[in-house]
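The block underneath contains the structure these notes are about, expressed in structure tokens.
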Amino acid sequence: MQTVLISGVGRGIGLELCRIFLSRGDKVIGTYRGNIGAALQMLIGPHLTLVELDVTDNVAITELGNKFADTAIDLLINNAGVIGPEGSLAQDIDSQQWLHTFHVNTIAPFQLTQALLPALQQSSKGRVMTLSSQMGSLHRATTGMVAYRTSKAAVNKAMQVLALELTPMKIAMCMVHPGWVQTDMGGADADISVVESAQGLVKVSDQLNMDRTGQFLTWQGEVHPW
Ligand SMILES: NC(=O)c1ccc[n+]([C@@H]2O[C@H](COP(=O)([O-])OP(=O)(O)OC[C@H]3O[C@@H](n4cnc5c(N)ncnc54)[C@H](OP(=O)(O)O)[C@@H]3O)[C@@H](O)[C@H]2O)c1
């Protein structure tokens, strides 16, 4: 049994991760925004703690860290994310929307990890898994969605640096491409179901250790090109 904190459990991959961990008997602290939808309602029970959090709220992130400072959190999953302005060509990108995309996808995972370090250090197997995307890979030369792509490329770099800095604390961290997944973000035509993706992500998180820290992986556990 472990304790897992997941951001953005209201829908999509975060919701499915929450469902899988609870079904294994793990404890989940899930963050959500706004109303608790029917699917999340069904998961409420003694092993699920729900905390309202907008990940762009710096004060709320600090409060979350303080609230759980004495709790051993074994695994933090930075899942909450936004696609940003869709179809945007680099030449007509709106800088405010770009900044918001960066805040949610890049800055917030970093801040959440920092805030939860005391809780992660209470665990003998503290790990951090951040949902990134193949769309942020510099290896892939493709156009469009520049805000999303750059935010994921940046979170990879930020987390790689943090992983190295946290090596003495033995907190293992990885960034993961979850596949192209059938969620609100991925759309109905995506390659894989949310269940397939989340099952793979759970396996990757189970196998995450200091040998893999700082790596960019796929949901199948393979190394993803940067
Ligand atoms: N789906 C894919 O094909 C795909 C591919 C590569 C990477 N990813 C990554 O995987 C992660 C999950 O994606 P998904 O497909 O499950 O997306 P999704 O269905 O659109 O769900 C996004 C989740 O993030 C939460 N969120 C967004 N902005 C937030 C904020 N400011 N504060 C707190 N929570 C916020 C949403 O909460 P609300 O319900 O309150 O909006 C929701 O729970 C993201 O990081 C995404 O970039 C997805």
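Each residue of the sequence shown is one higher than the one before, starting from -16 at the first, in the numbering used here. Each residue gets a CB set at the ideal place from its N, CA and C atoms; glycine is no exception.
Need the endpoints of the alpha helix (DSSP H) that Arg132 sits in, please.
It spans 129 to 148 - the alpha helix (DSSP H) in which Arg132 sits, taken as one unbroken run.
Given this structure, state the Cα-to-Cα distance separating Ala141 from Ala21, to the nearest angstrom.
35 Å
DSSP on Gln182, reduced to helix/strand/coil?
helix
Under three-state DSSP, which class holds Leu99?
Of the three classes helix, strand and coil, the one that applies to Leu99 here is coil, per DSSP.
Do Thr150 and Ala102 have their CB atoms nearer than 8 Å?
no
Candidates Pro92, Ala130, Asp40: which alpha carbon is nearest Cys157's?
Pro92
Count the other C-beta atoms from every protein chain shown that fall within 10 angstroms of the C-beta of Asn88, then say buried if there are 16 or more, exposed otherwise.
When all chains shown are included, Asn88 counts as buried.
Excluding the five sequence neighbours on either side, which residues of its own chain have a C-beta within less than 6 Å of the C-beta of Gly109, listed in chain order?
Leu103, Ile154
In the DSSP output, what is Cys157 paired with across the bridge?
Met112, Gln198
Taking the alpha-carbon positions, what's the His83 to Asp172 distance?
26 Å
With a floor of 3 residues, list each beta strand (DSSP E) that falls wholly inside the stretch 47 to 107, ordered by position along the chain.
Listed in chain order, they are 58 to 61.
Taking Ser115 and His160 to be in contact with their CB atoms under 8 Å, please state how far apart those CB atoms are, rounded to whole angstroms.
6 Å
Can you tell me whether Ala63 sits near ligand 1, meaning its C-beta is under 7 Å from at least one heavy atom of the ligand?
yes
Please indicate yes or no: does the CB of Ser188 lie closer than 7 Å to some heavy atom of ligand 1?
no
Is the closest heavy atom of ligand 1 to the C-beta of Ala173 under 7 Å?
yes
Provide the residue(s) that pair with Val(-13) in DSSP beta bridges, ordered along the chain.
DSSP lists Val11, Leu58 as the bridge partner or partners of Val(-13).
Taking DSSP's pairing of strands, which residues face Thr45 in a bridge?
According to DSSP, Thr45 bridges with nothing at all.
In this structure, does DSSP put Leu31 in helix, strand or coil?
DSSP places Leu31 within a strand segment (E or B) once states are collapsed to three.
Whose CA, out of Gly8, Val(-8), Asn49, lies closest to the CA of Leu23?
Of the candidates Gly8, Val(-8), Asn49, the one whose C-alpha sits nearest the C-alpha of Leu23 is Val(-8).
Closer than 8 Å is the cut-off here; do at least three beta carbon pairs connect the stretch 1 to 14 with the stretch 178 to 196?
Output reads yes: the stretch 178 to 196 touches the stretch 1 to 14.
Give the DSSP bridge partners of Ile(-4), in chain order.
The partner list for Ile(-4) (beta bridge, DSSP) is empty, contrary to what the question assumes.
Could you have a look at Ile3 and say whether DSSP puts it in helix, strand or coil?
helix
Hey, out of Gln74, Ile90, Pro68, whose CA is closest to Trp81's CA?
Pro68
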